[in-house]
Structure formats: C-alpha cells, structure tokens
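Shown next, in structure tokens, is the structure this report addresses.
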Amino acid sequence: MTAHEPDTLFPVSIRPHPAAAAAEEDMRRWLDGFGLCRAPGARATLHRARVAHCIGLFHPEAPQEAIRLLSRVAGWSLMIDEEFDSGPARTDPAACAAAVTAILGALAPIPEPGRVTVRDTDDAMTRAAADLRRSLESGRPVGWTARFHAHMADWMWGIYAEVVDRTAGRRPALAELRERRRDSYGLPWYLDLCEIAVGVYLPEAVHRLPAFRALSAAACDITALCNDRASADRERTMGDVHSVVLLLEDRHGMSPAQAASRADEMITEDAERIRSAYRDLPGQLRAAGLDGPTVRDAMRCADGYLDMVRGNHAYHRTCGRYTEPDALPDSASRAEGFAAPPTRTLR
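Using this note's numbering, read the sequence shown as starting at -5 and increasing by one per residue.
Listed below in structure tokens is the structure:
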C-alpha cells in the first residue's frame, strides 16, 4: 500500500475499486444462497446501499478476493442493521437478544473438537454467519479471529443496547452516545477487516500502543459521525436519537442547521485526532523495540485506516442511500424479519 499523508482525509476525487461490480454480484448470489434478502424492500435497500462500492472505496488497493469476502460481511451486516433499525424488533429487546445470541454462537471461534455444528434447520442468518466464520478463520491468526469475534459481540450487543433505549424511551447523553457508537456502528470490526485488505496481521504489542489505540478510536469516531451527519434527515423521520446530530437537536435544543454545523466541527476535531495519533505512531513503534517488518506492517495498517476514513467520506457523498433518502423503501419494509420473538428462555 502506498503511504499517505495524514492531512488528506477528505479528498475531492474518489478511487472506485475495479472489482466492486463483480463483488456486488457475488454478494447478492451469496445472500440468495441462504434465502436472505427476500423481501422487496430489503432487496431495494441492499441495491441502493451499493455495498461493494463502499468496500472498494474503503480499500482501494485490496486484492479482488479480499473485496469479495469483505463485501459479503458488509452486506450481511447491513441486513442486521436494518432489522433492528427499521423492523418490529427495533423495540423488542427479547427478540433482539435471542437473535444476537444465536448469531454470535455461529460466529464464535470454538476449537474444532468442541465446535457446535450449525444445522440446516437453523435460521438463514445464523447459517450465513457460520459460513462467514469459516471464510474469515481460514489461514488467519488465532489472535485476529478472537479480536474480530470480540468486536462483533460488542457490535451486536451495542445494537441490543439501542433497542433497550428505544423501548425505555431513554435518550443517552452525548458523550455516552459517541463512545457507544463505535460499537453499535460496528467500526472496530471494520478496522479488523483492514488487516485482511492490507494483508498484514498485527501482534497485540502494536494494538496496545497508545498511538495505535488513539488512531483506532479517532477513526471509529469520525466514521460514525460522518454517517450520523449524512443520515440525519432519514433518521429524523423515524424518531430515533441514536445519532449525534439528532441528539444535539433533542437534548441540546439546536436547530437542524446548528446541529449539522456542530457535527462538522466535531468531524474537524476528530480529523486532528487522527493526524496527531498517526504522527505519534512511528516514534512509539521504535520506542517499543519492535522489529523492522512489524513496524512496516503497522504503518501499512495505519494507512489502511486512513483509506477507510477517506472511503467512508466518499461513500456518503456518492451513494443514493444517503444522497437520495426519499427514494429508499418505507422503513418497515427494509427489515428482513429474521428476528422473531424468542420461544425459549435465554441461558
């Protein structure tokens, strides 16, 4: 990967990936193979999301096979997001918890002798999760797999927390929401996928460096905030406040224009956090005494994080899901409906 200066986070031009179109078709065939995305509204939502276009913008130099796999993960995750953002389960914590428990069980990196086999009778979303687990585990370090699953669990239980908030009529404080949005938007595991795109797997000694942690947190925060900024009009019609922009309006009494302006200021602040952490990282890598190949891999991965931030900005400027929100299907029709009310007690 070509190194980038950390001050070019919002480029005017975009770099579509040449493999995006083929990856989009592959993702749709893969979902169809599990009987997913059957509802017309869900299919229309998936089409307008242009998932593989997004992944290609995130990882403009990734190999075709990585774009294909990551597009499957992203398409599958979009269906989960819509289920609990738009469907009846958005205010049904029990249904959400049951679905989360089943899906995470299928994703869990269980040692082979104790592996729980996902049955043909299990729901399609769970079987798809198990297929992703097999693809993501193959040839990757145990440490990466464990970290990815932990971040997936944080994401799905973060969604559950939002469902509970809606059901209780609770509005979180701004600082709490910003921290929780890292997980509920799935951003830590999106950063994990950067390692697949770049083709390097970093040791814990890199992930634990203060600068690397600061870079990861800032990349998550700016990505979530750009989404909140772009989707505010659509989410406002749904009456949700799990958005920085809408929370500024609801709890801080700002007009939509004032809230958008403040969000833009926060994006600028997050960009400076990214630049600062990126500048600090080489010195901390040297201070940690890490060998040359590890240092190079760490900087390649850091550049991958910057690519994701750039790609996210470009995606929200070019995707109809955000540029033409009125063309999206009715919110209730966007959910697949896989999160049925539970029929058993959770253990």
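Note that the Cβ used here is the ideal one computed from N, Cα and C, for glycine as well.
Bear in mind the structure is a predicted one, so any value in this text is a computation, not a measurement.
Nearest residue (CA-CA) to residue i, options the options
| i | options | result |
| --- | --- | --- |
| Glu173 | Ala155, Ala162, Ile190 and Leu187 | Ala155 |
| Arg273 | Ala224, Arg256 and Ala205 | Ala205 |
| Tyr184 | Arg32, Gly305, Cys31 and Leu3 | Gly305 |
| Asp285 | Cys31, Arg9, His143 and Ala199 | Ala199 |
| Leu168 | Leu240, Glu19 and Val6 | Leu240 |
| Arg127 | Cys31, Ala212, Trp70 and Glu77 | Trp70 |
| Thr39 | Ala89, Pro12, Pro5 and Ser80 | Ser80 |
| Met146 | Ser132, Pro197 and Leu187 | Leu187 |
| Ala60 | Ser129, Arg256 and Leu72 | Ser129 |
| Val6 | Thr85, Asp258 and Thr312 | Thr312 |
| Asp227 | Leu219, Asp244, Pro250 and His246 | Pro250 |
| Trp151 | Arg134, Ser178 and Leu171 | Ser178 |
| Ser65 | Ala14, Cys31 and Arg160 | Ala14 |
| Ala296 | Asp234, Gly314 and Ala208 | Ala208 |
| His307 | Val136, Ala218, Ala96 and Gly35 | Ala218 |
| Leu63 | Val94, Leu25, Ala92 and Ile74 | Leu25 |
| Phe4 | Ala282, Ile261, Gly277 and Met293 | Ile261 |
Simplified DSSP state of residue i, which is helix, strand or coil
| i | result |
| --- | --- |
| Leu284 | coil |
| Phe332 | coil |
| Arg202 | coil |
| His307 | helix |
| Ile8 | coil |
| Asp75 | helix |
| Ser225 | helix |
| Ala254 | helix |
| Leu3 | coil |
| Pro34 | helix |
| Thr120 | helix |
| Arg338 | Annotation note: pLDDT 43 at Arg338 (below 50); position unreliable, no value reported. |
| Leu197 | For the sequence presented, residue 197 should be read as Pro rather than Leu. Correct three-state label for Pro197: coil. |
| Met293 | helix |
| His246 | helix |
| Asp234 | coil |
| Glu263 | helix |
Residue span of the alpha helix (DSSP H) that contains residue i, given as start and end
| i | result |
| --- | --- |
| Cys188 | Leu181 to Val192 |
| Arg175 | Leu168 to Ser178 |
| Thr161 | Val136 to Ala162 |
| Asp20 | Ala14 to Gly27 |
| His47 | Val45 to Phe52 |
| Cys90 | Pro87 to Leu101 |
| Arg315 | Gly314 to Thr317 |
Check: residue i C-beta below 7 Å from any heavy atom of the ligand FMN
| i | result |
| --- | --- |
| Asp234 | Absent from the structure shown: the ligand FMN. Ligands present: none. |
At least 3 beta-carbon pairs within less than 8 Å: the region 186 to 197 vs the region 44 to 57: yes
The region 263 to 272 / the region 296 to 304 touching (three or more Cβ pairs under 8 Å): yes
Validate contact between the region 40 to 48 and the region 8 to 26 using beta carbons, cut 8 Å, 3 pairs: yes
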